Amino acid sequence: MSFYKKIFNEKFGVYYPSAVTVGQPVPVKKVAKRLSQMCTVTYADVMAVLGELPGVMADYMGQGKSVRLDGLGTFRYTLKTKGVADEADFDFQKQVKAIRVQFVPAREGAQTKGSVATRGLVPTGIEWLPYDAIATEEGGSVTPGEPIEPGSGDEDSFG
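Encoded structure:
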């Protein structure tokens, strides 16, 4: 299940739902353990591949390419820059403020006009609960980034 929080936008005077991340990020070791249980590859093999993946991706993106991981999405470099009015003042090094990685989730399903495509990382039928409800169920308050107590549905079956 996923959580949302009601947020008030003072500028426009409207309330809107905002997704809330609960607990700490899932560490790569936990992801590797789960992947190794789902296929014939050992935990050590999965860790080795996941450990090398960022470097390989950075190498390809450094060559001006994007990297597509089927079922996950596409990664590419983007630049945060400052513009200059006069072309004579153009200086790449001075104008680049940050290099960022843009991620575009993979799409599944038909991608023609009028058809519906879904994002690979966004399954249909997600159960969304108000974030305040979790605090009520736990008998206290939970702040974003704070781990949920065991037994609250955040733990997986393999510990």
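FYI, the UniProt record's numbering numbers position 20 of the sequence shown as 20, with every residue one higher than the one before it.
Glycine residues also receive a C-beta, built at the ideal position from the N, C-alpha and C atoms.
Predicted model, so just to flag it, every value in this text is computed and none were measured.
Close Cβ partners of residue i (< 6 Å) along its chain, the five nearest in sequence each way excluded
i      : result
Gly159 : Bear in mind that the predicted position of Gly159 carries a pLDDT of just 35, short of 50, making it unreliable; the figure below should be weighed with that in mind. Closer than 6 Å at Cβ, skipping near neighbours: no residue.
Tyr60  : Val67
Pro5   : The sequence given here places Lys at residue 5; Pro does not occur at that position. Ser18, Val20 and Tyr131, listed in sequence order.
Val28  : Leu50
Gly73  : Phe103, Val104, Pro105 and Ala106
Span separating the alpha-carbon of residue i from that of residue j
i      : j      : result
Gly64  : Pro105 : 19 Å
Asp91  : Leu79  : 14 Å
Val41  : Arg100 : 32 Å
Glu87  : Lys97  : 18 Å
Ile7   : Met57  : 36 Å
Glu52  : Asp45  : 11 Å
Thr143 : Val26  : Residue placement at Thr143 cannot be trusted, given a pLDDT of 47 that sits under 50; what the coordinates show is reported in the next sentence. Cα to Cα, Thr143 sits roughly 17 Å from Val26.
Leu129 : Gly55  : 37 Å
Gln24  : Val14  : 30 Å
Proximity to residue i [Cα-Cα], best of the options
i      : options                        : result
Arg107 : Asp91, Ala44, Val96 and Thr124 : Thr124
Lys30  : Asp70, Met47 and Tyr15         : Met47
Asp70  : Phe8, Leu121 and Trp128        : Leu121
Arg76  : Gly23, Val84, Phe103 and Met38 : Phe103
Residue i vs residue j beta-carbon contact at 8 Å
i      : j     : result
Ala32  : Tyr16 : no
Glu127 : Met1  : yes
Gln93  : Lys82 : no
Exposure of residue i, with buried meaning 16 or more beta-carbon neighbours within 10 Å
i     : result
Val22 : buried
Phe12 : exposed
Phe3  : buried
Neighbourhood of residue i by C-beta, 7 Å cutoff - its chain only, sequence neighbours within 5 removed
i     : result
Asn9  : Tyr16
Ser36 : Thr42, Tyr43 and Val46
Val84 : Phe90 and Gln95
Gly62 : none
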